[in-house]
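When we follow UniProt numbering, the leftmost residue of the sequence shown carries the number 1, and every step to the right adds one. Backbone N, C-alpha and C define an ideal beta-carbon position, used for all residues, glycine too. Being a predicted model, the structure only gives us computed values, none of them experimental.
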Amino acid sequence: MSETSIPPNRTNQSENERLRFSLQAAGIGTWDLDLITKVAWWDQRTKELYGFTGTDTRDFQSEQDLMQYIHTQDRERMKDAMQRAMDPRSGGLYVIEFRIIKRDNGQVRWVRANGQAYFDGQGKAIRLSGTAQDITQQVLSRQLTEEVQEELRGAIELAQLGTWQVDLTTGYIDYSSRLKLWHGIEPHEVITAEHAFRRVPEGDHQQIKKSMLKAISLGSDGYYDIEYRLIDPIEGERIMHSQGKAYENQQGQIYKICGNVQDVTQQRKAQWALEQQVAQRTQQLEVSLEDLRRSNENLKQFAYVASHDLQEPLRKVQQFGDLLKRQYAPHLGEGVTYLDRMQLAAHRMSQLIHDLLSYSRIATGSERLESVSLEQVVQEVISDLDVVIDETGAYLDVSPLPTVSGDSSQLRQLFQNLISNALKFRQPNSNPVIHIRAHLIAADTLPDTVRPASGVSKYYKIDVSDNGIGFEEHHVERIFQVFQRLHGRNQYAGTGIGLAICEKVAANHGGTIRAQSSPGMGATFSVYLPD
1 MSETSIPPNR TNQSENERLR FSLQAAGIGT WDLDLITKVA WWDQRTKELY GFTGTDTRDF
61 QSEQDLMQYI HTQDRERMKD AMQRAMDPRS GGLYVIEFRI IKRDNGQVRW VRANGQAYFD
121 GQGKAIRLSG TAQDITQQVL SRQLTEEVQE ELRGAIELAQ LGTWQVDLTT GYIDYSSRLK
181 LWHGIEPHEV ITAEHAFRRV PEGDHQQIKK SMLKAISLGS DGYYDIEYRL IDPIEGERIM
241 HSQGKAYENQ QGQIYKICGN VQDVTQQRKA QWALEQQVAQ RTQQLEVSLE DLRRSNENLK
301 QFAYVASHDL QEPLRKVQQF GDLLKRQYAP HLGEGVTYLD RMQLAAHRMS QLIHDLLSYS
361 RIATGSERLE SVSLEQVVQE VISDLDVVID ETGAYLDVSP LPTVSGDSSQ LRQLFQNLIS
421 NALKFRQPNS NPVIHIRAHL IAADTLPDTV RPASGVSKYY KIDVSDNGIG FEEHHVERIF
481 QVFQRLHGRN QYAGTGIGLA ICEKVAANHG GTIRAQSSPG MGATFSVYLP D
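Right, dumping it as structure tokens:
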């Protein structure tokens, strides 16, 4: 297409110039196609839009000459729009949005063209003129909005939501197809306030009205949230959850409220079933707790009987045995041996009852928690055992010990059992050596077998080590069980309950106890207590 300097034929050129200046100021260009002379004319704004340089006029010999500036995907639409405009029956109007490829940089832009065709006396189009405006940003924004709306529609469909909208100005109510189906409204039926909730029970309908009036009232946050029942003639009762938001116009007046609805029937049924199950389990737990309370009460009664009624006959056995030996020993002969064995058995029975009572009291825990100085507790235990310590020639090395929260009497029993065992299970012809050390360690460095208390970040590890006879490592778990003994009663006295008491005390204080040993190499008992 060749350029020409022949200006287009036009009238009232000065008036047209003023109009073009006004359009250019608004970012709108003008153009004119003379269909008789085949000359195209563009103003400066249109030339800038298309990326043209040079003169304002160009010749065109065919449609293809004009279409070379149009994006290939929009050329057919452009041809159709021009042919409709040049048909007298259309009124000559020409309106289209299309893409162009700028001549100077190859950039793609969106253009909106508005034009008018002019005809001669025989109805033949002789001219086509109009305006051109760059609408790239508007189109991109519109496309983005459409994409967001499409994603929103997909999310709504995926979530199986129904949507609704109420225009408070016109009273128009709009339901999505899914919501119409739920409420029993035909696809093309006009929704009125009277039958918008035709399947909703009256009581629930009134609650919906109150919630909606509150959402659109002055001073409200505008949010609407309610659950209501829906009576489906086929599926029965549904539970619907509806949420919405009221919107204001520029004058601050609420003009619409819209939102979504979700069928939450299955969720609510599952929730109600779970609540019933929890209630049933709670009732069962209360029955179990009552049984446990009765069991504990029976245990307390047993402890009282064991403490008084069982110990009293044993004391009499021992007392009458002593009386028989004092008054009738010369007449009994070898029968004195049987008396001694009887008294020893009565003493062991009394000690066993005493240890069982101690274990039962430890097993029930303690509510007397206080700050307890372990250093003071250990010194008191050493003082209580001073006779045995002197007899065995024992050496005790005690490092500084921490203060913990606990029950002082229980902690005293723990260390008394540990130190007593270290003194009892000593090497023959060797003086006992006992070391007691304390270390502060992080909870995440505890042995795998230790279960730390919730929220405790640090533990005290108190080691009680001796140089005694020790034991096989595979007996570690066994030694903390009630009545478990590794040695015969003739070798070492005791009931086999002491270490079980130690384990219970540690557990009652949120900790534990572990042991390490080898035969002939002594033993180390590690007590873990929360900081």
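Exercise. Drop a sphere of 10 angstroms on the beta-carbon of Ala515, count the other beta-carbons inside from all chains shown, and report buried for 16 or more, exposed for fewer.
Key: Here the question's residue 515 lines up with position 515 in the sequence shown. Per the 10 Å Cβ criterion, buried.
Exercise. Taking 9 Å as the cut-off, decide whether the C-beta atoms of Ala113 and Leu35 are in contact.
Key: For the purposes of this step, residue 113 is taken as residue 113 along the sequence shown, with counting starting at 1. For the purposes of this step, residue 35 is taken as residue 35 along the sequence shown, with counting starting at 1. No, Cβ-Cβ distance for Ala113 and Leu35 is not below 9 Å.
Self-check item: Lys209 versus Tyr228: straight-line alpha-carbon distance, rounded
Solution: Indexing the sequence shown from 1 puts residue 209 at position 209. Indexing the sequence shown from 1 puts residue 228 at position 228. If you draw a straight line from the Cα of Lys209 to the Cα of Tyr228, it is about 11 Å long.
Quiz item: Apart from the five residues just before and just after His241, which ones in its own chain have a Cβ nearer than 6 Å to its Cβ?
Solution: Position 241 of the sequence shown, counting from 1, holds the residue named residue 241. Glu227, Gln262, Val264.
Exercise. Let me know if His183 comes out buried or exposed under the rule of 16 or more other beta-carbons within 10 Å of its beta-carbon.
Key: Working through the sequence shown from its first residue, we reach residue 183 at position 183. Buried, by the Cβ-count rule.
Quiz item: Which residue or residues does DSSP assign as beta-bridge partners of Met342?
Solution: As a position in the sequence shown, residue 342 is number 342, starting the count at 1. None, per the DSSP bridge assignment.
Quiz prompt | Buried or exposed (CB count within 10 angstroms, at least 16 for buried), His509 | solution = Counting from 1 along the sequence shown, the entry for residue 509 is found at position 509. Buried, by the Cβ-count rule.
Quiz item: How many Å lie between Ser526 and Leu440 at the Cα?
Solution: Sequence index remark: in the sequence shown, residue 526 carries index 526 (1-based). Sequence index remark: in the sequence shown, residue 440 carries index 440 (1-based). If you take the alpha carbons of Ser526 and Leu440, they lie about 12 Å apart.
Self-check item: Phe483 (DSSP reduced to helix, strand or coil)
Solution: Sequence index remark: in the sequence shown, residue 483 carries index 483 (1-based). Here the model assigns Phe483 a pLDDT of 45, short of 50, so the residue's position is not dependable, and the following value carries that caveat. Of the three classes helix, strand and coil, the one that applies to Phe483 here is coil, per DSSP.
Quiz item: Could you give the C-beta distance for Asn417 and Ile501, rounded to a whole number, given that I count them as a contact under 8 Å?
Solution: As a working note, residue 417 is residue 417 in the sequence shown. As a working note, residue 501 is residue 501 in the sequence shown. Rounded to the nearest angstrom, the Cβ distance from Asn417 to Ile501 is 6 Å, consistent with a contact under 8 Å.
Quiz item: Near Thr169, which residues of its chain fall below 8 Å by C-beta distance, leaving aside the five closest residues on each side in sequence?
Solution: Translated into positions along the sequence shown, residue 169 becomes position 169. Excluding positions up to five away in sequence, the list reads Tyr255, Lys256.
Exercise. Mark Arg489 as exposed unless 16 or more other C-beta atoms lie within 10 angstroms of its C-beta, in which case mark it buried.
Key: In the sequence shown, counting from the first residue as 1, residue 489 sits at position 489. Since pLDDT at Arg489 reaches only 48, below the 50 mark, its modelled position is unreliable, and the value read off the structure follows with that caveat. With fewer than 16 neighbouring CB atoms inside 10 Å of its own CB, Arg489 falls in the exposed class.
Quiz item: In angstroms, rounded to a whole number, what distance separates the CA positions of Ile382 and Ala329?
Solution: For this step, residue 382 is matched to residue 382 along the sequence shown. For this step, residue 329 is matched to residue 329 along the sequence shown. Approximately 40 Å between the Cα atoms of the pair.
Exercise. Can you have a look at Phe320 and say buried or exposed, based on whether 16 or more other CB atoms are within 10 angstroms of its CB?
Key: For the purposes of this step, residue 320 is identified with residue 320 of the sequence shown, where counting begins at 1. Classification for Phe320: exposed.
Quiz item: Which full runs of the alpha helix (DSSP H) of 4+ residues lie inside the region 115–194, going along the chain?
Solution: Runs found: 136–158, 177–183.
Exercise. Quick one: measure Cβ to Cβ for residue 532 and Ala215, integer angstroms, because I've assumed they're closer than 8 Å.
Key: Outside the displayed span of the chain (1 to 531) sits residue 532, for which this structure offers no information.
Quiz item: In chain order, what residues of the same chain have a beta carbon less than 8 Å from the beta carbon of Lys47, not counting five sequence neighbours either side?
Solution: Position 47 of the sequence shown, counted from the start, is the residue given in the question as residue 47. A distance below 8 Å between beta-carbons, with the five flanking residues on each side excluded, links Lys47 to the following residues of its chain, in chain order: Gly29, Thr53, Asp56.
Practice problem: My understanding is that Leu179 touches Thr163, with C-beta atoms under 8 Å, so please give their C-beta distance in whole angstroms. | Solution: To locate residue 179, count along the sequence shown from 1; it is residue 179. To locate residue 163, count along the sequence shown from 1; it is residue 163. Confirmed, Cβ separation roughly 7 Å.
Exercise. May I ask you to report which of helix, strand or coil DSSP gives His435?
Key: By 1-based counting over the sequence shown, the position of residue 435 is 435. In the structure shown, His435 sits in a strand (DSSP, three-state: E or B).
Practice problem: With DSSP as the reference, label Phe415 as helix, strand or coil. | Solution: Taking the first residue of the sequence shown as position 1, residue 415 is located at position 415. The answer is helix: DSSP assigns Phe415 an H, G or I state.
Quiz item: Which of helix, strand or coil does DSSP assign to Met240?
Solution: By 1-based counting over the sequence shown, the position of residue 240 is 240. Here Met240 carries a strand assignment [DSSP, helix/strand/coil].
Quiz item: In the structure shown, what three-state DSSP assignment does Ile257 receive?
Solution: One-based indexing of the sequence shown puts residue 257 at position 257. If DSSP states are grouped into helix, strand and coil, Ile257 belongs with the strands.
Quiz item: Would a C-beta distance cut-off of 9 Å place Ser371 and Ser405 closer than the cut-off?
Solution: In the sequence shown, residue 371 corresponds to position 371, counting from 1. In the sequence shown, residue 405 corresponds to position 405, counting from 1. A contact, by the Cβ cut-off of 9 Å.
Quiz item: Hey, how far is the Cα of Ala523 from the Cα of Lys269?
Solution: Here the question's residue 523 lines up with position 523 in the sequence shown. Here the question's residue 269 lines up with position 269 in the sequence shown. Ala523 and Lys269: Cα-Cα distance of roughly 60 Å.
Quiz item: Whose CA, out of Thr136, Asp59, Gly171, lies closest to the CA of Glu194?
Solution: The sequence position of residue 194 within the sequence shown is 194, counting from 1. Residue Gly171 is the option with its Cα nearest to Glu194.
Quiz item: Does DSSP put Tyr50 in a helix, a strand or coil?
Solution: Here residue 50 corresponds to residue number 50 of the sequence shown, with the count starting at 1. Tyr50 falls in the helix class under three-state DSSP.
Practice problem: Measure how close the beta-carbons of Tyr118 and Gly92 come, nearest whole angstrom, since I'm counting them as under 8 Å. | Solution: Counted from its first residue, the sequence shown places residue 118 at position 118. Counted from its first residue, the sequence shown places residue 92 at position 92. Taking a contact as a CB-CB distance under 8 Å, the pair Tyr118 and Gly92 counts as one, their CB atoms being some 7 Å apart.
Quiz prompt | Distance between Phe98 and Arg142 (C-alpha atoms, nearest Å) | solution = The count along the sequence shown starts at 1 and reaches residue 142 at position 142. The count along the sequence shown starts at 1 and reaches residue 98 at position 98. Each residue's alpha carbon lies about 14 Å from the other.
Self-check item: Minimum C-alpha distance to Asp407 - residue among Ala132, Ala506, Asp65, Gly51
Solution: Mapped onto the sequence shown, residue 407 falls at position 407. Among Ala132, Ala506, Asp65, Gly51, the Cα nearest to that of Asp407 belongs to Ala506.
Quiz prompt | Cutoff 7 Å; reference Tyr492; Cβ partners in own chain excluding five residues on either side | solution = On the sequence shown, residue 492 is found 492 positions in, with the first residue counted as 1. For Tyr492, the predicted structure reports a pLDDT of 47, less than 50, and the residue's modelled location is therefore unreliable. A value from the coordinates is still provided. Only Lys424, Phe425 meet the Cβ criterion.
Quiz item: Going straight from the alpha carbon of Met78 to that of Ala196, what length do you get?
Solution: Against the sequence shown, residue 78 aligns to sequence position 78. Against the sequence shown, residue 196 aligns to sequence position 196. Rounded to whole angstroms, Met78 and Ala196 show a C-alpha spacing of 46 Å.
Quiz prompt | Close beta carbons around His487, own chain, < 7 Å, minus the five adjacent residues each side | solution = As a working mapping, residue 487 is identified with position 487 in the sequence shown. Low per-residue confidence applies at His487: pLDDT is 45, beneath 50, and the placement is therefore not dependable, though the value from the model is reported in the following sentence. Within the same chain, and ignoring the five residues on either side of His487 in sequence, no residue has its Cβ closer than 7 Å to its Cβ.
Practice problem: Could you check the C-alpha separation between residue 537 and Glu286 for me, to the nearest Å? | Solution: Nothing can be reported for residue 537: it is not among the residues displayed for the chain, which extend from 1 to 531.
Practice problem: Measure how close the beta-carbons of Gly470 and Pro432 come, nearest whole angstrom, since I'm counting them as under 8 Å. | Solution: Taking the sequence shown and counting its residues from 1, one reaches residue 470 at position 470. Taking the sequence shown and counting its residues from 1, one reaches residue 432 at position 432. Contact flag wrong, Cβ pair sits at about 13 Å.
Quiz prompt | Terminal residues of the beta strand (DSSP E) in which Arg426 lies | solution = Here residue 426 corresponds to residue number 426 of the sequence shown, with the count starting at 1. Per DSSP, Arg426 belongs to no beta strand (DSSP E) and is neither H nor E.
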